[in-house]
Structures are given as structure tokens and as C-alpha cells.
Amino acid sequence: DAAKALDGRGDTHWTTPENVTTGTLEIDLDSPVKFDRAMLQEQIAEGQRVEKFELDAFVNGQWKTIAKATTIGYKRLLRFPEVTAAKVRLRILQSRDCPTIRRFGLFKASTEESEAK
6 DAAKALDGRG DTHWTTPENV TTGTLEIDLD SPVKFDRAML QEQIAEGQRV EKFELDAFVN
66 GQWKTIAKAT TIGYKRLLRF PEVTAAKVRL RILQSRDCPT IRRFGLFKAS TEESEAK
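Residues in the sequence shown are numbered from 6 upward in steps of one, following our numbering.
Pasting the structure below:
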């Protein structure tokens with residue numbers, strides 16, 4: 006249930022079925038949203054598990070990879086060029102055990118921060 010990665014609670018998380026070490030967490034945002042940052046957290050009490058993942062956005066009727074990385078751990082912050090999408094998905098490509106995603110968030114950096122680069 007994707008909602009468990011979005012509820013902000015520390016005692017819930019999204020995971021795959023037992024013995025499944027890859028999976029997809031898809032989130033429907035209801036309407037297009039602009040964002041250029043993502044925050045991911047594993048349920049670290051269960052251990053660091055994710056070894057490789059990609060983040061995709063549904064843009065112009067197709068999935069586009071906007072970020073990829075190796076581990077997530079306690080907290081992983083991702084920066085990427087601004088994108089507008091109504092759906093995103095996190096694809097866990099490799100994990101030591103069933104992945105456990107405690108928190109997922111999308112953010113838009115302020116205009117001042119973006120212009121300061």
C-alpha cells in the first residue's frame with residue numbers, strides 16, 4: 006500500500022511480499038505537480054536493504070527516469086531538473102531483502118535557491 010510511505014508515521018512502511026527483493030511503488034498525485042527534489046527513507050529499524058533504484062515521472066504520456074542511485078538508508082535526498090507530473094514511481098531494482106520504504110516525498114526548491122546556482 007503506497008499510502009504507508011506517505012502517511013508521515015514512523016511505524017508504517019511500504020514493502021514487497023515476502024522474499025521479493027524488487028518492486029515498484031507508484032504514486033498518483035491526482036493532478037500535475039512541479040518538483041525537482043525527492044526524499045526517500047527506508048524503515049531503518051529493519052536494516053538498510055535497497056542497493057539500486059530509479060525514480061520515474063509520467064511525462065507526456067510516458068514514463069521518464071528522472072533519477073537513479075544505489076542506496077537509500079536512513080534518508081536519501083535526490084536533486085534533478087524540474088519536472089511536472091501527476092504520477093511518479095520508485096522502482097527498486099536490487100535489494101538485500103524485501104525493501105521497506107518508510108517515507109517518500111517530492112519537493113520544489115525555491116526560485117531563489119535555483120537562481121543562486
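Even glycine gets a Cβ: it sits at the ideal position worked out from N, Cα and C.
Is the beta carbon of residue j closer than 8 Å to that of residue i?
i: residue 83; j: residue 74; result: yes
i: residue 93; j: residue 41; result: no
i: residue 58; j: residue 95; result: yes
i: residue 17; j: residue 103; result: no
i: residue 50; j: residue 31; result: no
Taking only three categories from DSSP, how would you classify residue i?
i: residue 7; result: helix
i: residue 77; result: coil
i: residue 43; result: strand
Across which residues does DSSP place residue i in a beta bridge pair?
i: residue 100; result: 55
i: residue 61; result: 70 and 94
i: residue 109; result: 45
i: residue 31; result: 94
i: residue 84; result: 42
Within a Cβ cutoff of 6 Å, which residues of the same chain sit near residue i, ignoring the five residues on either side of it in sequence?
i: residue 80; result: 46
i: residue 110; result: 44
i: residue 89; result: 37 and 39
Which same chain residues end up closer than 7 Å to residue i when comparing Cβ atoms and leaving out the 5 residues on each side of it in sequence?
i: residue 114; result: 41 and 42
i: residue 55; result: 47, 76, 77, 97, 100 and 104
i: residue 69; result: 61 and 62
i: residue 123; result: What is shown of the chain runs 6 to 122, which leaves residue 123 out entirely.
Got a sec? Which residues, its chain only, sit under 8 Å from residue i by beta carbon, not counting five neighbours each side?
i: residue 91; result: 33, 34, 35, 36, 37, 38 and 63
*Do three or more CB pairs link the stretch 14-26 to the stretch 59-73 at distances below 8 Å?*
Contact fails: fewer than three Cβ-Cβ distances are below 8 Å.
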